[in-house]
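Take a look at the structure below.
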Amino acid sequence: MYELTYPGGTRVLLWRLEEEAPQLLALCREPGIPVEDLEALPPKRQREKAAELLLLHRALGCPVTLSHSGQGAPFIDGKDVNISISHTMGLVALAIDDHRVIGLDAEQMDRRQVLRVRDKYLNASEQHFIAPDDLVSHVIAWTAKEAIIKATRDSAIDWTNGICLEPFAVDGVETIIFAQCRGKRYSLICRPIEGHCITLAVEPSAE
Numbered sequence: 055m056y057e058l059t060y061p062g063g064t065r066v067l068l069w070r071l072e073e074e075a076p077q078l079l080a081l082c083r084e085p086g087i088p089v090e091d092l093e094a095l096p097p098k099r100q101r102e103k104a105a106e107l108l109l110l111h112r113a114l115g116c117p118v119t120l121s122h123s124g125q126g127a128p129f130i131d132g133k134d135v136n137i138s139i140s141h142t143m144g145l146v147a148l149a150i151d152d153h154r155v156i157g158l159d160a161e162q163m164d165r166r167q168v169l170r171v172r173d174k175y176l177n178a179s180e181q182h183f184i185a186p187d188d189l190v191s192h193v194i195a196w197t198a199k200e201a202i203i204k205a206t207r208d209s210a211i212d213w214t215n216g217i218c219l220e221p222f223a224v225d226g227v228e229t230i231i232f233a234q235c236r237g238k239r240y241s242l243i244c245r246p247i248e249g250h251c252i253t254l255a256v257e258p259s260a261e
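In our numbering, each residue's number is its place in the sequence shown (first place is 1) plus 54.
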């Protein structure tokens with residue numbers, strides 16, 4: 055488990071899933087995190103859900119109950135904080151912010167499938183400035199759009215034209231992106247972490 059910090063106070067906590075489900079459930083039980091609801095789940099889901107609870111315990115210092123809205127957005131019962139959660143192969147990521155609405159997505163940097171389906175999420179303008187064989191830029195674009203969808207709490211947004219990325223330059227340490235969605239200009243920070251792209255979207259403040 056390790057933690058990243060961002061301007062504005064957002065924290066992103068990451069758990070590299072190397073343990074098997076029984077180990078993670080045991081780690082939950084030590085500080086008193088309830089795991090009875092997880093025991094009937096398949097092992098893969100047990101691992102992911104247990105890691106989520108461990109990250110939340112690390113972030114907040116106490117066991118909490120994680121719930122989901124009708125749109126599937128996670129929230130913490132009785133806590134006035136904004137959270138976003140992402141899973142990818144071997145990794146669980148949690149973003150938490152006391153004040154701002156956020157969205158988080160994590161993806162493997164070598165996920166070549168994003169090249170084959172670019173027409174499904176890149177509009178004509180984005181296809182103009184993202185070369186067809188530029189895997190890193192495709193992964194960044196994919197995670198940026200997913201992070202914005204999570205920030206809006208609306209999975210019905212049109213990926214292709216409902217979210218419009220502005221041209222960006224990939225930086226090996228931190229790539230900054232801006233995007234338009236429903237009349238708002240979102241700012242995003244993309245960081246490569248141990249073979250994964252971790253992208254955080256922050257909803258703009260109301261003027």
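A virtual CB, placed ideally from N, CA and C, is assigned to each residue, including glycine.
Quick caveat, the model's predicted, so the values are computed rather than measured.
Three-state secondary structure assigned by DSSP to residue i
i, result
"Thr197", "helix"
"Ala185", "coil"
"Thr142", "strand"
"Leu158", "strand"
"Leu148", "strand"
"Ile211", "coil"
"Ile87", "coil"
"Asp164", "coil"
"Ala41", "This structure cannot speak to residue 41, because the chain is shown only from 55 to 261."
"Ser259", "coil"
"Leu176", "coil"
"Val190", "helix"
Limits of the beta strand (DSSP E) - the one that residue i falls within
i, result
"Leu68", "65-70"
"Val256", "250-256"
"Glu57", "56-59"
"His122", "120-122"
"Pro128", "128-130"
Pair within 9 Å by beta-carbon distance, residue i and residue j
i, j, result
"Ile211", "Leu242", "no"
"Cys116", "Val190", "no"
"Thr64", "Val256", "yes"
"Lys62", "Asp151", "Note that residue 62 is Gly in the sequence shown, not Lys. A contact, by the Cβ cut-off of 9 Å."
"Val146", "Leu81", "no"
"Gln100", "Glu90", "no"
"Val171", "Ala205", "no"
"Leu254", "Tyr56", "no"
"His153", "Asn136", "yes"
"Glu180", "His141", "no"
"Gln77", "Asp208", "no"
"Arg239", "Pro258", "yes"
"Ile194", "Val224", "yes"
"Val168", "His192", "yes"
"Arg165", "Trp196", "yes"
Beta-carbon separation (whole angstroms), residue i vs residue j, contact threshold 8 Å
i, j, result
"Arg245", "Leu58", "7 Å"
"Gly249", "Gln162", "6 Å"
"Ala113", "Trp69", "In fact, because the Cβ distance is near 11 Å, the residues do not count as touching under 8 Å."
"Leu95", "Leu148", "19 Å between Cβ atoms; not a contact."
"Leu219", "Ala185", "The pair is not a contact, with the Cβ atoms about 14 Å apart (cut-off 8 Å)."
"Leu158", "Ile139", "7 Å"
"Asp131", "Ser123", "That belief does not hold up - the Cβ atoms of Asp131 and Ser123 are roughly 12 Å apart, past 8 Å."
"Ala75", "Pro97", "4 Å"
First and last residue of the uninterrupted alpha helix (DSSP H) at residue i
i, result
"His111", "97-114"
"Pro76", "75-83"
"Leu169", "167-170"
Which residues DSSP lists as bridging residue i, in chain order
i, result
"Lys238", "Cys235"
"Ile217", "Cys235"
"Thr229", "Cys244"
"Ile137", "Ile150"
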